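Only one structure is covered here, and it is reproduced in the block below.
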Amino acid sequence: MFITKRINIPEKQLKRLRKYAEVEFVEDDSLDIRKIKPLLKDGDKILAPFPEPMNWILPGAFLAEIPDLKGVCLSTTSFEWVDGKALRKKGISLTNVPASSTNAVAEGAICMMFAVARRFPVIMKQKEFSYIPENLLAEIKGKTAGIIGLGNIGSRIAQLTDSLGMKVVYWSKKSRNMNYKYLALKKLLKVSDFVFVCLEMNDKTSNFVSKEEMDLLKKTSSLIDISHRGIVDWKSLVRSVKQGKLYGAASDNQENISISPEDNIFIMPHVNWFTRETLEEKVEVWVDSIISVIKQKPRNLVN
C-alpha cells in the first residue's frame, strides 16, 4: 500500500498496517501519482492519499493508470475530491473517515464567529483603538444563527450556538431537526445575524451563495464560510464587506483572498480539524478502513 506523506501517523497504527501489507510513503510536496513508478507495477495495491499534495484533486484519469488497484482509502471526511464514479465502475473501493472532525470544525466555526463579532481582523491591525461608532463590536447572545446545511457539522454548530443563547434557524436539503426552526433559504438569509455555510461541494452547491443571496443579508449580518471553495462567491462577499453592506465575513478555505486592514474579514488556513483529539480518532478509523479493504470487507464506503 502507498501513503502520501508520513505525518501524524503513530507508530502503533503503522505496526497494525504492516501486519497486513507492505507500507511505502511518498513524500513529494507536489504530487502526480502517475510519476510514482512502484504504483505502476503489477500487484495488488491500496492508495491512501493526503489531499494537500494533490491540491484536493484526484481525477479518474490518474487512477486508471494504476494496475491492480484495490482501494483508495482517504484520511479525510470529504471525498468529493476523488473521482468515486470512476472507481465504482472498476469495482474499486473508496473509503473515508466519517465525522471524525465534526466537533473540531464546529468549534472552529464558533471561534471564527467571535473573531468577526469582536472585529479582530480590524482591531489587531490598529496601532490604537478608536472609540467611534464605526468600531462598535457585536455581542452574540440573543442574535440569530442561520445554518445552511444541517449535516454533522451544521448540527453541532446548532448545538453550540443554542448554548450561547442564540436563536437557531436552518435550511437543509434533507436533514430536519425539531429542536430548531426550519426556514426557506431566502427567509433565513433575511433574518440571520450570523450565517454559517456548511455545505458539501457537488453539482448543485457550486456558487450556491452568490451575490443574489448576499444581497438579502442585513447590513449588520456576517457570513461564516466553512464549506468548500466554490460554494460561496467570495469576490462578491469581500465587495459587500468593503462597501459596508455586511458587518463581516470569515473563512478557513480562502487563504489567497486580498483584504485591507480596515476590512472585518477573518481568514485562516484550513486547520480547524487539526486537533489532537481529532487526529487520534481519525488515524484509528482510517487504519481500520484500510485493513477492512485488505480483508475485502470494506468499511466506510462512499462509492
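Following our numbering, the residues of the sequence shown are numbered contiguously, the last one being 312. Backbone N, C-alpha and C fix where the C-beta goes; we use that ideal spot for every residue, glycine too. As the structure is a computational prediction, the values presented were derived from the model and not from experiment.
Collapsed DSSP secondary structure at residue i in the structure displayed
{"i": "Trp295", "result": "helix"}
{"i": "Lys24", "result": "helix"}
{"i": "Gly163", "result": "helix"}
{"i": "Glu137", "result": "coil"}
{"i": "Ile12", "result": "strand"}
{"i": "Phe123", "result": "helix"}
{"i": "Ile266", "result": "coil"}
{"i": "Ser110", "result": "coil"}
Check: residue i C-beta below 7 Å from any heavy atom of the ligand SAH
{"i": "Glu209", "result": "For the ligand SAH, the structure offers nothing, since it holds no ligand at all."}
Residue i to residue j span [Cα, whole Å]
{"i": "Phe129", "j": "Phe275", "result": "8 Å"}
{"i": "Gln135", "j": "Ala154", "result": "29 Å"}
{"i": "Gly93", "j": "Val114", "result": "24 Å"}
{"i": "Asp261", "j": "Ala118", "result": "9 Å"}
{"i": "Leu173", "j": "Gly160", "result": "20 Å"}
{"i": "Lys183", "j": "Tyr189", "result": "14 Å"}
{"i": "Lys28", "j": "Lys21", "result": "11 Å"}
{"i": "Gln264", "j": "Pro76", "result": "The identity of residue 264 in the sequence shown is Glu, whereas the question assumes Gln. Cα to Cα, the separation comes out at about 37 Å."}
{"i": "Ser249", "j": "Glu116", "result": "26 Å"}
{"i": "Ser269", "j": "Leu255", "result": "15 Å"}
{"i": "Lys227", "j": "Glu137", "result": "29 Å"}
{"i": "Leu78", "j": "Phe88", "result": "18 Å"}
Residues bridged to residue i [DSSP beta-bridge criterion]
{"i": "Ala80", "result": "Note that residue 80 is Gly in the sequence shown here, rather than Ala. Bridge partners of Gly80: Ile55, Ser102."}
{"i": "Leu67", "result": "Val91"}
{"i": "Glu33", "result": "Phe11"}
{"i": "Leu310", "result": "Thr104"}
Unbroken beta strand (DSSP E) run spanning residue i, endpoints
{"i": "Ile276", "result": "274-276"}
{"i": "Val280", "result": "No beta strand (DSSP E) contains Val280, which DSSP labels as neither H nor E."}
{"i": "Val206", "result": "203-206"}
Host alpha helix (DSSP H) of residue i (start-end)
{"i": "Val131", "result": "129-132"}
Unbroken stretches of the beta strand (DSSP E), 3 residues or longer, contained in the stretch 215-263: Positions of the beta strand (DSSP E) runs, each at least 3 residues long and wholly inside the stretch 215-263, are given as 231-234, 257-260 in order along the chain.
Next item on the list: Would you mind listing the beta strand (DSSP E) stretches within the stretch 146-191 that are 3+ residues and don't spill past its ends, in chain order?
Entry: 153-157, 176-180
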